[in-house]
Every structure is written in structure tokens, then in C-alpha cells.
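Going line by line, the protein sequences match chains Y and C.
Using the numbering used here, you'd call the opening residue of the first sequence number 1 and step up by one each time.
Using the numbering used here, you'd call the opening residue of the second sequence number 293 and step up by one each time.
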Amino acid sequence: MNTFLQLVVNGLGKGAVFALLALGFVIIFKATEVVNFAHGSLVLFGGYLVVVTRESLGWAGASLVGIVSAGLLALLLERFLLSRSRHADANSLALLTIGVDVIITEEIVRRLGVTLPFLGDAWDARPFQIGGITLFRTHLVALLVAAVLITAFTVAFKYSNWGVAMRAQAENREAAALMGIRSSRVTATAWVVAGVLAGVAVLFIATQDFSGAGLSRGTHSIALAAFPAAILGGLDSTAGAVVGGLVVGLVEALSAQYVSFDFSKSAVFLVMLVVLVVRPSGLFGTRESTRV
Amino acid sequence: MSDTAVKAPPAAPPTPPAKRDRRRLVKALAWIALLVVLLAIPLYLDAAWLKAGQYMMIGGVGAIGLTMLVGQAGQLSLAHAFFLLAGATGYTVLSGPVDDERVFGLGLDPGLSLVGAVVIAALLGLAFAPVSGRLRGIYLGVASLSLVFLGLYFGQSAETLTGGTSTGRSPEPFSLFGFPFTNGGPEIELMGVPIRQAERLWYLFLLLTVLAFVVAKAAVRSRVGRSWRAVRDNEAAASVMGVSVTRAKAGAFAVSSAYAGLAGAMTVLWFDILKPDESEFGTYGINISIAFLAMVIIGGLGSVPGALVGALIVNGLPQVLSLYSADLGWFSGTGDGALTPILVSSFVYGAAIILVVLFEPGGLAAIGRRITSARKPHLPEEQDK
């Protein structure tokens, strides 16, 4: 039983990180209907800047730089690439982000070379015990940070002007524009928020406790596991992203223990497939209907 | 991606039949000339270059399959690498020796095994129909990505079939009706050039590529292709017009998987080893799925010749760069932060995807089409191919 509890706690801790990433996908998708395949490279980029600036700024300063620059990179991508091609449809733009992802990822992996630094200095690999359960600080901090950020986001989404504009645009782009909502500003902020979330997430991903590996190509593929999280929750549902993230975290932790470690990566995707077969637009996604 | 990707050019004034016939003749002659060049290449280039060319042909076969699925039928798929693995494993297992205690084999004739591998991949594609038929766009893309992860797990765990990630297993060398595609067998010489393994495999791959091309062209032109495009453009309208949407979607997925299966069997013959991936980035990993997607985007979604050109760039560049680098001393750095040919070509095709989406959604095919139509008006039946 204790193992099980332990796994659930670990799973939720990982799930919180996946939720941050999945929320990034969802925000961008809601604002622009573009699926951002370059999300993994935003994660890597944020992490890389932490590595570069850590010597001079210390861990906290470097983390801040990493988070901000991931947001900035997202903004630059949106301003210079995606907003330039309004004539292209959302699916082509998703393909464009694949191109972006390939370039950024390859370059950062090249720069990292064989050094695979761990990022979560402040909390990494310091487990402590409560009632026979070993808790990893990474997971706890991740849960906490994710809870705070997601709550803040939800509140802002509901009550702030930005949130209203964002929801209006998600509902109907043209109508929102006609009502005086600046679609370019909404879109840009959506990308910045997603980038910032990615920058936060990497501080937890490239740790001993989370992945057992430092910043590397593997970090990018962990970010990829947030894809099923976003999809199985429903690409246009922020609540779905959170639920999806937690489901993915739990599935991964449980299947790694009870089936095998190799299987855990595919288990996440299998669960997503099952969900999609039953509900083609995810658990909380809006159903598409066709009118004839 | 359908609407912008393959946009029909404005209606051209009708071409007089005589002119049209002449253009067809010119086109046919151009294809024949290209074929003659490709047939003659082994007589002039050495084995390393032939090897590079073979790799491009593998890409070509796979890309033709994917362009039919993504461009013609409008179904985004990131599962291509999985079907590559399916074909590779299929060929190796079917043709593998029966008496090997480490791995499982059926000892079938290699030629038959190649066909079998294609069939296996097609059936697997068909088995995915319950999912592919229900999902659209990005949802399908990510759902299909799960196959790559399943393939990764399969490769790691089904060691008797795949040989395992550490050692892999060697495939049976290809032979057709007893004629081996190795250095053994009858000594053949053509214009003073001995036709050995590299040359023989070149001709085999060329044959397969031409076959894949011709079949794809025919499929696209036929009723089947029309039903794919109808489904792509509007599922509701297609079903109203009597197209079975589920069948068209499942069919497109199966055909594309079959192509990937063939490309997989070719891959295993090319590497001369079946080695499943240890991580999701490998011979049958996500990066390969993305590389194939890059080929069809760069070539122009839905265009069969475009897919070949895309394969030439994406699969060819790393090969050619590494061959040149040996001659010129480029990329001499190794280890940390070295620029490798694979890295450089990743940059190039990443950038190419971006440029194509930004400036020419029709891809290289559209550019080619524009160049040819600058001189002459467009033929209506050439659209969407």
C-alpha cells in the first residue's frame, strides 16, 4: 500500500509539471488554433539559458533569466513567424512550428554536447520521509508551483480583461476583432504565457528526481509527453490540460512500477488512444459537429 | 492543410489538343531521359555514392506514401517511422533462418518476404482504422505519434523478433528467383563495370521506387484518389456524394503504411542490420517521422514528384554532405558541439519547412508548376497531383 501511495504522490508531482506544459499547448491552441510543436524546444531553450547564466547570476537569477527568455522566444516566434502568415491555415502553421522545433532543438543539443547539467539545484535530490513515504522535494515544489501558477492563470482567465479578451477570441475570432479586441495582442500574450510555463517546467524536468537525467534531448521528449496530456484533456480546455497532466503523471509512475520502465512511455500514449477512441476530442474538449 | 496546400490555379484557357499531345510527349521524354540517367549512374559513380543514392530512394518510397496520406487524403500522420519498423521487422522475420535459437525466423524466400513485409505494414495501418477514422487534424497527428512509442517498446521487448536494442539482428540478404543482390553469385560486367552488391541494390531500389511512383500516380489519378481528395476537402460533402468516408480514410492509411513498410524493408537491406531504437530518436523514431513529414511539406503536400524531390533534399543532404566532407575535410570536428552532416541537414530542412509554409504553401511542386506554366497554360488534369 505504501508503495502505491508513494507512486501516487510521485505521479502527481510529475503530473503537475506535465500540466504546466499541457496548459501551454492549450493556451496557444485556444488563442490561435495552432498546435505548437515547438513547445519542447522552448523548454530546452529556457533550460539552456539557466545553464549559461548560472555561473554569474546564481541559481535563482539564472532561473528567472531562463523563464523570461523562454517567454521571449515564444513571443519572437509568434511575432516573426506565425503572425506573418495569416493566410496559412492553422494546420500549416503547426507544421511550421515543427521546422522551428527541429532547428532550435538541434542547435541546443549541439551546444550542450556531452554536458548534461541538472537544473533544479534548490530542491533536487533531497528526499525526506513522512509516515514511511519518501517524498521528493522536486515533486512537492512542482506541485506547489503548478498549483499557484494554474490558479493564478485560471483567475486571470476568468476575471481579468486579458482573460475576457482571450475567451472572446477563442469563441469567435472575427466577432472578437469586430468588438474591438486586438487579436494580435491576445495572441502574443498567449504565446508569452505558454513560453513562461515551459521555462518554469524545465526547472523541474531536468532534475535527478524527475527524469534522472540533466538537460538533454531527453528533456525535449519529456516535453513531448505533455502532448498526450493536452490531447486527452481536450486541446481547447484549460481544465482538461490540468487533468490530462495529472493523468499522464500517474499513468507513467504506476506503469513504470507495475509493468516496466520501458513500457511507461508507451503507456501514456496508449491511455490517450483509448480516451480518443471513446471521445475523439478529449475528455473536456469541445465536440466538433458538422452541419450538412 | 488541404485548402492552402494544393490550391487549384485559375482556370486556364482550353489548350488545343495538338499542343496538349506535344506537351505530353515532351513530358514523357523527360521522364524517360531521367530514367536512363538513373540506370546509367552505377556505371559512373562508385559504391559510396550509390549507397547515398539508395538512401534517397528509401526516402522517396516512404515520402510518396506519406504524401498520399497527408496531402491527398488530408490525414496528418506522425506514425510513418512505426510502419518503417514494421516493414523492416516483417522482412527480417519472414526471411530469417528457421534454426536460429536466438531469434525467430520463417525462412521464406526473400522476394516473398519483401511482399510479406509490405502486406504486414498495410494490415497494421488498416488495424489503426478505428482510431484514424474517428480523428482529424492534429488529434490524429498526436494519436499516430503513439504508434512510434509503441514501436519503440516493441523493439525493446520483442527481442526474438527484432533482435533487441543492443545487438539487433542481420537480415537475410535479398535475392530474387535465386539471383543474389550481394557480391556473390554470377559475375556480371556491364561496360567494364562489375555489377556487385552496391550496383545490384541500386537497380533493385530503383525498380522499387519506379514501381512505387507509378502505382501512386495511378492511385491519385483514379477513383480512389478522387475519393481521398473529396474526403479531405469536406467529409460531409463526400459522404453525401456516395464516398464511404471511413473506407477512404482507412484505405489511405493502409496504402501509406504499405509504402512505409516497403521503405522499412529497404532500410534494413541498406543498413544490413535490423536494430530497434534505444530511445525515441533513432532509425525508427520521432525524428524519422518528422523527416518524412518534412519531405512531403517541402515537396508540396500531395504531389508525388514533389515527395521525391523532398526525399532528395532531406535524406540526400546528410549523405552527400558526409561524402563531400571526406573529400574536402569539412566537419572534421567531432565530439562536443561539432557540426555534423546530419546536424547541418536538420538545420536546412527545418528552415525549408518554415520557408515553404511562409512563402509557398504548395511546396517545390508549386514552384515547379509555376515555372512550367510560365511558358504554357496549365492543364486542368494536372491539378492535385
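Positions of the beta carbon are idealized from the N, C-alpha and C atoms, including for glycine.
Nothing here was measured: the structure is a model prediction, and the numbers come from that model.
Secondary structure remark: continuous alpha helix (DSSP H) runs of at least 4 residues inside the region 503 to 545 of chain C, in chain order: 515 to 525 and 527 to 532. If you check each beta-carbon in the region 639 to 657 of chain C against every beta-carbon of chain Y, the ones closer than 9 Å belong to Phe639, Tyr641, Gly642, Ala643, Ala644, Ile645, Ile646, Leu647, Val648, Val649, Leu650, Phe651 and Pro653.
The alpha carbon of Leu554(C) has as its nearest neighbour, out of Gly642(C), Gly354(C), Ala322(C) and Gly345(C), the alpha carbon of Gly354(C). Taking Ser85(Y) as the centre and dropping the five residues before and after it, the same chain places the C-beta of Ser92, Leu93 and Leu96 closer than 8 Å to its C-beta, in chain order. Annotation: Gly476(C) to Asn607(C) spans about 29 Å, alpha carbon to alpha carbon.
For Tyr336(C), the number of other beta carbons within 10 angstroms of its own is below 16, and it is reported as exposed. In the displayed model, Val649(C) falls within a helix according to three-state DSSP.
Judged by beta-carbon spacing, Leu609(C) lies within the 8 Å limit of Ser637(C), meaning their Cβ atoms are closer than that value. Proximity to Val193(Y) across Ile150(Y), Phe4(Y), Phe284(Y) and Met179(Y) peaks at Ile150(Y), based on C-alpha coordinates. Contact residues of the region 330 to 346 of chain C toward chain Y are absent (C-beta to C-beta distance below 8 Å). The residue among Leu566(C), Leu439(C) and Ile356(C) with its C-alpha nearest the C-alpha of Ser458(C) is Leu566(C). Rounded to the nearest angstrom, the Cβ distance from Trp59(Y) to Asp121(Y) is 4 Å, consistent with a contact under 8 Å. The closest CA to that of Phe469(C), considering only Leu400(C), Ser549(C) and Arg461(C), is found on Leu400(C). Under the three-state reduction of DSSP output, Ser458(C) falls in the helix class.
The beta carbon of Ser184(Y) lies closer than 7 Å to those of Ser83 in the same chain, with the five residues before and after it left out.
Counting C-beta pairs with one atom in each stretch, the region 273 to 282 of chain Y and the region 31 to 42 of chain Y have fewer than three that are closer than 8 Å, which means they do not touch.
Chain C has a Cβ within less than 8 Å of the Cβ of Val277(Y). A residue is called buried when at least 16 other Cβ atoms come within 10 angstroms of its Cβ; Val506(C) does not meet this threshold and is exposed. Within the region 575 to 609 of chain C, no run of beta strand (DSSP E) reaches 3 residues while sitting entirely inside it.
The region 243 to 252 of chain Y makes no contact with the region 63 to 74 of chain Y, as fewer than three CB pairs between them are under 8 Å. At a Cβ-Cβ threshold of 8 Å, Ile205(Y) and Val102(Y) do not count as neighbours. In the structure shown, Val485(C) falls within a strand segment according to DSSP collapsed to helix, strand and coil.
Chain-ordered, the chain C residues with CB closer than 7 Å to the CB of Asp262(Y) read Tyr445, Gln448 and Ser449.
Given a length threshold of 3 residues, each whole run of the beta strand (DSSP E) inside the region 101 to 158 of chain Y is given here in chain order: 128 to 130 and 133 to 135. The continuous alpha helix (DSSP H) containing Met272(Y) extends over residues Phe261 to Val278. Near chain Y, meaning a CB-to-CB distance below 7 Å, the residues of the region 412 to 426 of chain C are Pro422, Val423 and Arg426. The CB of Glu572(C) comes closer than 7 Å to the CB of Ser221 in chain Y, given here in chain order. Leu400(C): not part of any alpha helix (DSSP H); DSSP gives it neither H nor E.
Judged by beta-carbon spacing, His139(Y) lies within the 8 Å limit of Asp209(Y), meaning their Cβ atoms are closer than that value. Beta-bridge analysis with DSSP links Phe471(C) to Leu468(C).
Minimum Cα-Cα distance from Gly460(C) among the listed residues Phe466(C), Thr452(C) and Ile480(C) corresponds to Thr452(C).
Distance from the CA atom of Val640(C) to the CA atom of Thr381(C), rounded to whole angstroms, is 31 Å. Nearest neighbour of Phe45(Y) by Cα position, chosen from Ala267(Y), Glu55(Y) and Leu72(Y), turns out to be Leu72(Y).
Val440(C) sits close to Leu370(C), with the two beta carbons spaced by under 8 Å. A straight line joining the alpha-carbon of Ala530(C) with that of Ile582(C) spans about 29 Å.
Using a CB distance cut-off of 8 Å, Met179(Y) does not count as an interface residue toward chain C.
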